[in-house]
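This is the structure:
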């Protein structure tokens with residue numbers, strides 16, 4: 004039972020990181036109907052930028068201030084990168100066949116991935132251990148570290164914030180309107196371009212938090228990690244029902260717990276394969292994901 | 460096929476046949492890879508370009524063919540010639556079994572599910588499933604092909620074998636284009652609901668396109684094994700599938716010259732720029748974005764014979 008609870012804690016931590024990254028996929032998919040393959044690479048980029056900022060500022064600031072400044076600066080930089088990505092790779096293809104945009108997204112992914120490799124080299128980089136104090140709290144035999152608490156709390160705050168933004172604000176309503184029908188939204192006086200840019204800003208900034216957590220939690224980062232974390236997060240988005248924000252959160256949590264339980268009880272070398280078996284089974288049983296709605300075929 | 464088209468294919472194939480006599484061995488091996496990957500890309504095009512299904516797991520069938528030959532030869536001592544039928548039949552059966560439950564999925568969901576299949580496939584190879592796949596390093600030392608006492612051991616002989624398979628594929632695709640299943644796939648791609656209403660069995664033809672493309676990819680896998688006399692899981696991971704997917708779209712879906720150009724662009728051009736090893740994929744990514752911006756239907760888009768322009772134009 005204790006092993007199970009311990010894996011549950013670990014799974015929730017990983018799951019909330021997946022959920023943060025998955026939100027970026029699901030929001031872009033909701034508005035543009037496009038799999039943003041470059042999102043995973045933006046996450047990897049954020050881990051590198053965060054490391055640079057931390058190294059520059061280490062020693063000059065207290066740990067808490069260091070973490071806050073790193074997070075804010077990285078989120079801003081990655082949000083700008085997301086907007087540039089939208090401008091250069093996606094906006095010119097808005098009217099093109101859908102598959103062309105997929106290729107453009109794959110091209111953008113190659114550019115970012117290899118850009119990281121050219122700047123920081125092909126070798127893995129290691130995050131310093133001392134950023135978050137290595138403290139473990141004992142909850143009747145189940146250990147939870149300060150880092151895990153930080154991940155869980157920040158992720159939940161961000162996700163609840165996003166939920167209220169999308170459901171309660173004017174811009175969030177515009178975003179939902181664009182997800183349903185862009186032309187109708189435009190006729191209602193919504194500036195669709197502004198909504199899309201906002202989507203990319205929020206999605207990329209959340210991905211940046213995810214990337215920093217990956218760096219601080221796993222500590223080792225590589226230039227090509229974007230594909231693997233990106234795909235896992237994308238699977239999370241699909242499991243929950245893509246285009247659906249609560250779905251991405253649920254999918255991320257489920258995937259994280261599933262991964263941790265497999266790694267705990269079975270072997271970790273099959274973990275990834277079993278993740279995708281889960282995906283395939285869910286796709287066969289419920290083709291639009293757990294919380295997804297049936298989308299009518301266009302005639 | 461009109462004379463102009465026949466003539467240009469003739470010249471193209473003659474140039475390919477003459478190439479090994481004018482190139483050094485390094486480039487012959489690059490061109491052999493080009494021929495093999497062209498075959499796989501053309502088979503991918505049957506599913507993606509002609510039937511219009513987003514299959515991003517095509518390396519599975521390529522890999523199944525390659526591994527079938529390598530395993531039967533190395534673990535069970537079969538001669539290569541005897542393994543070829545298995546290397547065609549096994550991917551065909553696998554493609555039908557894998558595709559049948561997911562064939563109804565809408566575009567992007569199918570794409571992700573096929574990536575999933577591909578990842579499960581490479582993980583199974585890496586974990587040495589059934590103890591015959593050789594784990595992460597793969598299988599080394601596969602014998603060359605022997606037919607009637609002739610051994611396909613030299614580089615040039617493998618090149619001509621690959622060229623033979625490519626020509627065979629071109630003939631199959633030409634026949635497909637002019638036959639009933641080919642037309643069915645074309646209608647299915649344009650509008651699956653309407654084609655079902657006029658009596659096309661969409662599920663059958665979707666599986667048909669998967670089976671045909673898997674058979675061709677499996678055969679290409681045999682040549683791949685012969686070229687390197689080895690197989691390894693990384694040659695068939697999902698990144699390779701993404702590459703085949705991209706080739707078809709960059710070149711131009713359901714356009715044979717387009718797919719060949721796409722393969723050239725994605726496999727041979729990076730070889731030419733090998734001295735800029737580090738930056739070449741960066742340039743490559745930029746090129747992919749630019750091509751899609753300026754030619755969203757691919758470098759060499761297909762032209763459909765007598766269909767009036769206003770009917771084919773994107774609405």
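Residue numbers (our numbering), protein chains in the order written: chain V, 4 to 302; chain S, 460 to 774. We put the CB at the ideal spot given by N, CA and C, even for glycine. Since the model is a prediction, treat every value here as computed from it, not as a measurement.
Look up residue 728/S in the DSSP assignment and give the residues it is bridged to. Answer is none; residue 728/S lacks a bridge partner.
Would you call residue 5/V buried or exposed, if buried means 16 or more other Cβ atoms sit within 10 Å of its Cβ? exposed
Ordered along the chain, which non-local residues of its own chain (more than five positions away) have a Cβ less than 6 Å from that of residue 712/S? Only 508 meet the Cβ criterion.
On the CB-based measure, 16 or more other CB atoms within 10 Å of its CB, does residue 140/V come out buried or exposed? exposed
To be precise: take each residue of the segment 562 to 584 of chain S, compare its Cβ to all Cβ atoms of chain V, and keep it if any distance is under 8 Å. Which residues remain? Those residues of the segment 562 to 584 of chain S that come within reach of chain V (Cβ to Cβ, closer than 8 Å) are 563, 564, 565, 566, 567, 568, 570, 571, 572, 574, 575, 576, 578, 579, 582 and 583.
List the residues of chain V whose Cβ lies closer than 8 Å to the Cβ of residue 741/S, in chain order. 113, 114, 117, 118 and 121
Runs of beta strand (DSSP E) lying entirely within the segment 630 to 709 of chain S, each at least 3 residues, in chain order: none
Does DSSP put residue 18/V in a helix, in a strand, or in coil? Reduced to three states, the DSSP call for residue 18/V is helix.
Measure the alpha-carbon distance for residue 264/V versus residue 70/V and round it to whole angstroms. 30 Å
Cβ of residue 709/S within 8 Å of Cβ of residue 106/V? yes
What are the residues of the segment 585 to 598 of chain S that lie near chain V, defined by any Cβ-Cβ distance shorter than 9 Å? 585 and 586
Tell me the DSSP secondary structure of residue 606/S in three-state form. strand
6 Å Cβ shell around residue 700/S - same chain, five flanking residues per side excluded: 515, 516, 517, 518 and 577
Taking DSSP as the reference, what is the three-state secondary structure of residue 222/V? coil
What's the call for residue 268/V, buried or exposed, on a 16-neighbour Cβ count within 10 Å? exposed
Check the Cβ of residue 282/V against every Cβ in chain S and list those closer than 8 Å, keeping chain order. 571, 572 and 575
Which first and last residues belong to the beta strand (DSSP E) in which residue 140/V is found? Start and end: 139 to 142.
In DSSP terms, what residue 619/S is bridged to: Paired residues: none, contrary to the question.
Mind checking who residue 146/V pairs with in its DSSP beta bridge? 141/V
List the residues of chain V whose Cβ lies closer than 7 Å to the Cβ of residue 705/S, in chain order. In chain order: 106 and 109.
Neighbour flag for residue 300/V against chain S, beta carbons, 8 Å: At residue 300/V, the pLDDT of 47 sits below 50, so the modelled position is not reliable and the matter cannot be decided from this model.
How about residue 7/V: is its C-beta nearer than 8 Å to some C-beta of chain S? no
Coil, strand or helix - residue 38/V by DSSP: coil
Closer than 8 Å, CB to CB, is residue 756/S near chain V or not? yes
Which residues mark the beginning and the end of the alpha helix (DSSP H) in which residue 716/S is found? 715 to 722
I'd like to confirm the pairing. Which residues does DSSP put opposite residue 598/S in its beta bridges? 690/S
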